[in-house]
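Below is one structure, written out as structure tokens, with a few remarks after it.
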Amino acid sequence: MSLSIASNRDASLDRLVPLVVAGLPRRDEAPRDAPAPGGRVLVVSATVGQGHEGAARELGRRLSARGVQVEVRDYLDALPRVARGVLRDLYQPTVQYAPALFDSLFHGLEHDGPLRRTADAVCRWAEAEVERWARGADVVVTTYPLAGQTLGALREQGRIAVPTMTYLTDPAAHATWCHPAVDHHLVVTRATALDARRYGVDARATGPLCAPTFTRAQRPREDVRDELGLPRAAPVALISAGSLGMGDVPRTVRDLLAHPHLRVVVLCGRNARLRRRLGRDPRVVALGWRDDVSDLMGASDVLVHNAGGLSLTEALALGLPAITYLPIAGHGHANARVLVAAGIAPWPRDARELAAAVDDVVGEPERRHQRWWPGGADPAAVVQGVLMPRLTSPARLDAR
5 MSLSIASNRD ASLDRLVPLV VAGLPRRDEA PRDAPAPGGR VLVVSATVGQ GHEGAARELG
65 RRLSARGVQV EVRDYLDALP RVARGVLRDL YQPTVQYAPA LFDSLFHGLE HDGPLRRTAD
125 AVCRWAEAEV ERWARGADVV VTTYPLAGQT LGALREQGRI AVPTMTYLTD PAAHATWCHP
185 AVDHHLVVTR ATALDARRYG VDARATGPLC APTFTRAQRP REDVRDELGL PRAAPVALIS
245 AGSLGMGDVP RTVRDLLAHP HLRVVVLCGR NARLRRRLGR DPRVVALGWR DDVSDLMGAS
305 DVLVHNAGGL SLTEALALGL PAITYLPIAG HGHANARVLV AAGIAPWPRD ARELAAAVDD
365 VVGEPERRHQ RWWPGGADPA AVVQGVLMPR LTSPARLDAR
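Mapping the sequence shown onto the numbering used here, position 217 (from 1) lands on 221, and the numbers just tick up by one.
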């Protein structure tokens, strides 16, 4: 197995660097230009948000288990330093402290204009390096929207001759996620596949890319609740707001506590100040960074999220009902609209509606058994299905 993957869900650029080691030949491996028996897949992610990185890691793990040689690259490494810094460092501060600006940027990228042309220029800067990474690959997959734009442009120009694929990590499609020259667009749910039609893309619902622990909780919920000091019988809401506690988390907690019986567990991530602030209420358990999120979800009755990212996908995979509340600007609102329209997650607008939504989803146990993608769907299987004809082509067989 030739894939090296980071274990922490919050992998930084430094943690992502070892991923490229898989592409370097070892003494006991064939040279890079020799065909790999199980095929080679290049996965292009980005150290911008855990949804992109988590999906790339899990896709790599699954493909590697199938005998495929996988190389994971950080799209930001293909960009000039200034562009790299803007994309990595300004996303969260803009969402948190200038939401109106972020919302205008998000919607501005949907239409032709200066903003979209700037994004196109950024994507062109990455073309030469991404083209170099793709040499020797049999399939190229990305989990980051701007990387998909670069792949589409390279495919149009004939500079990448192998199939290209984009895996959308958001519930809502967007112009930056969709490129007509990308061969395959994969999404988590049927709702996202339907939404992608607005961009002329025939997307395929292939299910989530979550770690195996999210197929079922690893520890009994009673044990987890006892450890956290939570009553075994009370309803529990789990709040996830990213590694930095993005959004109006204090208001979300306050509005949830308007429910007379609810207990609240908050994943504060790296935000120690938020944890101290929220940990004063006896009905609230404020946690720092945790590696046992699947167990916390298994001990909870509902996830309350504000973005529609990795935590939502993990909840859907585990069968934990979800509610969208106070979504962040831009993709948070877009995701909320898709989720509520599809019946996946209600979107209450105030504390009264939030309490009612909690009672509704907790009182519907059948929600835990709903699947929003075809039975048995697996993105890795789809990628391998595209890969197999490449492995049996006459040209590739002659190269062995």
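Just so you know, even glycine gets a beta-carbon here, dropped at the ideal spot from N, CA and C.
Since this is a predicted model, take the numbers as computed values, not measurements.
Here's the rule I'm using: 16 or more other beta-carbon atoms within 10 Å means buried, otherwise exposed. How should residue 184 be labelled?
exposed
When 102, 101 and 78 are compared against residue 92, the one with the closest alpha-carbon:
78
What does the alpha-carbon distance come out to for the pair residue 25 and residue 76?
Reliability fails at residue 25, whose pLDDT of 36 lies under 50, so the model's placement of it is uncertain and no value is given.
Would you tell me roughly how many angstroms separate the C-alpha atoms of residue 384 and residue 286, rounded to the nearest one?
44 Å
Quick one: what's got a C-beta closer than 8 Å to residue 250's C-beta in the same chain, skipping five residues either side?
96, 99, 100, 310, 311 and 332
Contact with chain D by residue 56, beta-carbon distance below 8 Å
The displayed structure is made up of one protein chain only, and chain D is not part of it.
Need the endpoints of the alpha helix (DSSP H) that residue 392 sits in, please.
383-395
Measure the C-alpha to C-alpha separation of residue 363 and residue 370 and round it to an integer number of angstroms.
If I take the Cα positions, the gap works out to 14 Å.
Once DSSP output is grouped into helix, strand and coil, what is the label at residue 244?
In this structure, residue 244 counts as strand in the three-state DSSP scheme.
Nearest CA to the CA of residue 372: which residue from 126, 219 and 256?
219
Could you tell me which residues DSSP puts in a beta bridge with residue 308?
In the DSSP output, where bridge partners are listed per residue, residue 308 has 243 and 327.
Report the rounded CA-to-CA distance for residue 351 versus residue 141, giving the unit in angstroms.
42 Å
Does the Cβ of residue 289 have 16 or more other Cβ atoms within 10 Å, making it buried, or fewer, making it exposed?
Buried, by the Cβ-count rule.
N-terminal and C-terminal residue of the alpha helix (DSSP H) that residue 301 is part of:
297-302
Could you check whether residue 260 and residue 241 sit closer than 8 Å to each other, using their CB atoms as the reference points?
yes
Touch check for the stretch 336-352 and the stretch 311-320: three-plus C-beta pairs under 8 Å?
yes
In three-state DSSP terms, what is residue 271?
If DSSP states are grouped into helix, strand and coil, residue 271 belongs with the strands.
For a test of the three-state rule: what should DSSP assign to residue 171, helix, strand or coil?
strand
What residue does the beta strand (DSSP E) around residue 90 start on, and which one ends it?
Segment 85-93 is the alpha helix (DSSP H) holding residue 90; no beta strand (DSSP E) there.
Using a Cβ distance threshold of 8 Å, determine whether the stretch 45-54 contacts the stretch 133-151, with at least three qualifying pairs required.
yes
Of the listed residues 66, 50, 386 and 54, nearest to residue 317 (C-alpha basis)
54
Are there 16 or more other CB atoms within 10 angstroms of the CB of residue 396, so buried, or fewer, so exposed?
exposed
For residue 226, which residues from the same chain have a beta carbon less than 7 Å from its beta carbon, with the 5 sequence-adjacent residues on both sides left out?
236
Going along the chain, which unbroken runs of the alpha helix (DSSP H) with 4 or more residues stay wholly within the stretch 36-71?
54-69
Nearest residue (CA-CA) to residue 136, options 40, 82 and 228
82
Since I believe residue 199 is in contact with residue 177 (beta carbons under 8 Å), could you give me their beta-carbon distance rounded to a whole number of angstroms?
With 8 Å as the limit, residue 177 and residue 199 qualify as a contact, their Cβ atoms being about 5 Å apart.
At what residues does the beta strand (DSSP E) containing residue 73 begin and finish?
73-78
What residue from 88, 151 and 232 has the CA that sits closest to residue 127's CA?
151
Below 8 Å CB to CB, which residues in the same chain sit around residue 282 once its five sequence neighbours on both sides are set aside?
253, 254, 257, 270, 272, 288 and 290
Please state whether the Cβ-Cβ distance between residue 319 and residue 307 is less than 8 Å.
Yes, the Cβ-Cβ distance between residue 319 and residue 307 is below 8 Å.
Give me the Cα-Cα distance between residue 163 and residue 129, rounded to the nearest whole angstrom.
15 Å
Check each candidate in 297, 345, 359 and 335 and name the one with the smallest Cα separation from residue 324.
Relative to the Cα of residue 324, the nearest Cα in the group 297, 345, 359 and 335 belongs to 297.
For the alpha helix (DSSP H) that contains residue 82, what are its first and last residues?
Premise fails: residue 82 is in no alpha helix (DSSP H) and is neither H nor E.
Would you list the one or two residues that DSSP bridges to residue 190?
Within the DSSP secondary-structure output, residue 190 pairs in a beta bridge with 171 and 208.
How many Å lie between residue 394 and residue 216 at the Cα?
28 Å
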